[in-house]
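These notes are about the structure you will find just below.
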Amino acid sequence: NTPPAIKIPERYNAADDLIGRNLLAGRGGKTVYIDDAGSYTYDELALRVNRCGSALRTTLGLQPKDRVLVCVLDGIDFPTTFLGAIKGGVVPIAINTLLTESDYEYMLTDSAARVAVVSQELLPLFAPMLGKVPTLEHLVVAGGAGEDSLAALLATGSEQFEAAPTRPDDHCFWLYSSGSTGAPKGTVHIHSDLIHTAELYARPILGIREGDVVFSAAKLFFAYGLGNGLIFPLAVGATAVLMAERPTPAAVFERLRRHQPDIFYGVPTLYASMLANPDCPKEGELRLRACTSAGEALPEDVGRRWQARFGVDILDGIGSTEMLHIFLSNRAGDVHYGTSGKPVPGYRLRLIDEDGAEITTAGVAGELQISGPSSAVMYWNNPEKTAATFMGEWTRSGDKYLVNDEGYYVYAGRSDDMLKVSGIYVSPIEVESALIAHEAVLEAAVVGWEDEDHLIKPKAFIVLKPGYGAGEALRTDLKAHVKNLLAPYKYPRWIEFVDDLPKTATGKIQRFKLRSA
Ligand code: 3SK
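So the sequence shown is numbered by the working numbering: it starts at 182 and just counts up by one.
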């Protein structure tokens, strides 16, 4: 089951490879991107990337290994800037477009980026940084037309631009990874990481191929979205649809209907709200060949309902910012809803118990650690967290998993999310899945809550589907429903109905926020 070794030359530039392979294969005239403004061929992308790399190096005077912050909404300017920087040996840092001014100030200061390329819509948050963050020299506006615009910068660049002579293990780009505690960590990836994710996961497991049209609801600044919409399509010669706006069901339905993608990449919350939406496409309206889900475990019921409606499975998997993309996944023809599937060949997984011993017994949960060739090499400026996460060959995930009797990995919550109720471990995820199987429930989050004796019991926060009214009768019904499905001690002692759940930018429920609510 070991994949063939991926040969990477001694001199290797990831952007040069991802674009150059398409030009060499004669795909220059094929469409690589469709965004809200139009479509672009591989030839056009190559010229934009050359102009960008050359302008960053020559016009703005950046040196190899300098950082450039990229806070850009999904559209052609994102791949232009991200790949242009990489081609020039400059290190782009793709960051979340939904953060606050103080988050951006932290990232600019921590990274000492000399240039920030930001979408016009985000300029008010970044304008105060010039002068405030001493290392920031230039603010470039994507989408604008003035002298500070990306368009003006590209016009100063050259269409002929030789790639920087980087090596496979040179720093290539960063993403900021946010944990449940502490400041975000600049996660440093190297040039060889990108192609490894494409060759190990996207081609063999996802089945992406030349000519496919793909659409990711997850944005390019997430590791999940970056693979989905940038690395994978370029690796095989596909076309990616990019959408700047928030991925609401309505916006996603419109793109699915208009562009008829072969592959759709979503997250569990979105799949659930799409299925609950009256405008959800009917069976036969879409031509999907594959769908993926990541970010958090996909409730079994959502996967089954999607499959029943569209005749295509959702390949639920798990990846991480640290591993760059998915290393554990279901696969077509072997989908086990309620599990994350099996390891992606090329990655090794182990489960570690609280004493640091490897778990070899089915059904016993432990922390998931991963060994594989796309692991980040460090957290910038953070030797303690680097040492705690990147332990030589093994990278810690902070997620708890167990392997069931059939060899499939089952998510059991974050390392710190498990509840001990009356001395017995309860997975909040298991209780949430039971609640989500109730017809009235759109989303659920379960946390530990102290009872009058200061003993921990499960409490559920629930978002109802439209048309269902909160009330005592529904509370009683939901408790009975969980007791019916699971061991009775697992039922939530309290149920609070809420309008929405706190989530990270990648869509993970922030249970710690509910615990302290
Ligand atoms: O959250 C995930 O499962 C994930 C998947 C792919 C890439 C990155 C992440 C965080």
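Just so you know, even glycine gets a beta-carbon here, dropped at the ideal spot from N, CA and C.
Quick one, are the C-beta atoms of residue i and residue j less than 8 angstroms apart?
i: L496; j: A471; result: yes
i: K400; j: G408; result: no
i: A419; j: G392; result: yes
i: A618; j: L666; result: yes
i: V156; j: T261; result: A question about residue 156 goes unanswered here, because the residues of the chain that appear run from 182 up to 698.
i: I643; j: L616; result: yes
i: S614; j: P480; result: yes
i: S556; j: F571; result: yes
i: L381; j: P185; result: no
i: L623; j: A457; result: yes
i: K268; j: G219; result: no
i: N194; j: H377; result: no
i: L228; j: E343; result: no
i: L532; j: Y582; result: yes
i: L250; j: L289; result: yes
i: L317; j: A425; result: no
i: N203; j: Y221; result: no
i: S397; j: S501; result: no
i: R248; j: S292; result: yes
i: A621; j: V584; result: no
I think residue i touches residue j, with their Cβ atoms under 8 angstroms apart; what is that distance to the nearest whole Å?
i: P612; j: P647; result: Contrary to the premise, residue 612 reads as Val rather than Pro in this sequence. Actually they do not touch by this definition, with Cβ atoms about 23 angstroms apart.
i: V296; j: A323; result: Incorrect: roughly 12 angstroms between the Cβ atoms, too far for contact.
i: P449; j: V395; result: With a Cβ gap of about 19 angstroms, P449 and V395 do not count as contacting.
i: V627; j: R696; result: 11 angstroms between Cβ atoms; not a contact.
i: H517; j: Y589; result: 5 angstroms
i: L335; j: R232; result: 4 angstroms
i: V422; j: R438; result: With 8 angstroms as the limit, V422 and R438 do not qualify as a contact, their Cβ atoms being about 12 angstroms apart.
i: L303; j: D258; result: At roughly 12 angstroms, the Cβ-Cβ gap does not stay under 8 angstroms, so L303 and D258 are not in contact.
i: D536; j: A513; result: With 8 angstroms as the limit, D536 and A513 do not qualify as a contact, their Cβ atoms being about 38 angstroms apart.
Please state the DSSP three-state secondary structure of residue i.
i: D329; result: coil
i: E481; result: helix
i: C233; result: helix
i: T473; result: strand
i: E539; result: strand
i: D374; result: helix
i: L666; result: helix
i: L279; result: coil
i: R348; result: coil
i: I257; result: coil
i: R529; result: strand
i: L703; result: No information on residue 703 is available, as it lies outside the stretch 182 to 698 that the chain covers here.
i: S361; result: Low confidence applies here, because S361 scores a pLDDT of 44, under 50, leaving its location unreliable and the question unanswered by this model.
i: Y649; result: coil
i: P683; result: coil
i: W561; result: coil
i: R692; result: helix
i: F678; result: strand
i: E343; result: coil
i: R192; result: coil
i: T183; result: coil
i: S596; result: coil
i: Y405; result: helix
i: S454; result: helix
Quick one, which of the options has its alpha-carbon nearest residue i's?
i: V369; options: V271, A308 and L317; result: V271
i: S510; options: N194, L530 and F259; result: L530
i: L505; options: E328, L411, L226 and A421; result: L411
i: T281; options: F263, P273, M310 and G269; result: M310
i: A275; options: C353, R202 and L335; result: C353
i: T183; options: W561, Y528 and T378; result: Y528
i: R348; options: R192, D681 and E633; result: R192
i: R485; options: A513, S501 and G519; result: G519
i: G388; options: I444, L335, N563 and K671; result: I444
i: D351; options: L375, A333, D329 and L335; result: L375
i: V679; options: G650, Y670, A654 and A336; result: G650
i: E539; options: M455, W675 and W575; result: W575
i: P315; options: S454, G256, A294 and A326; result: A294
i: P428; options: K463, K366 and G688; result: G688
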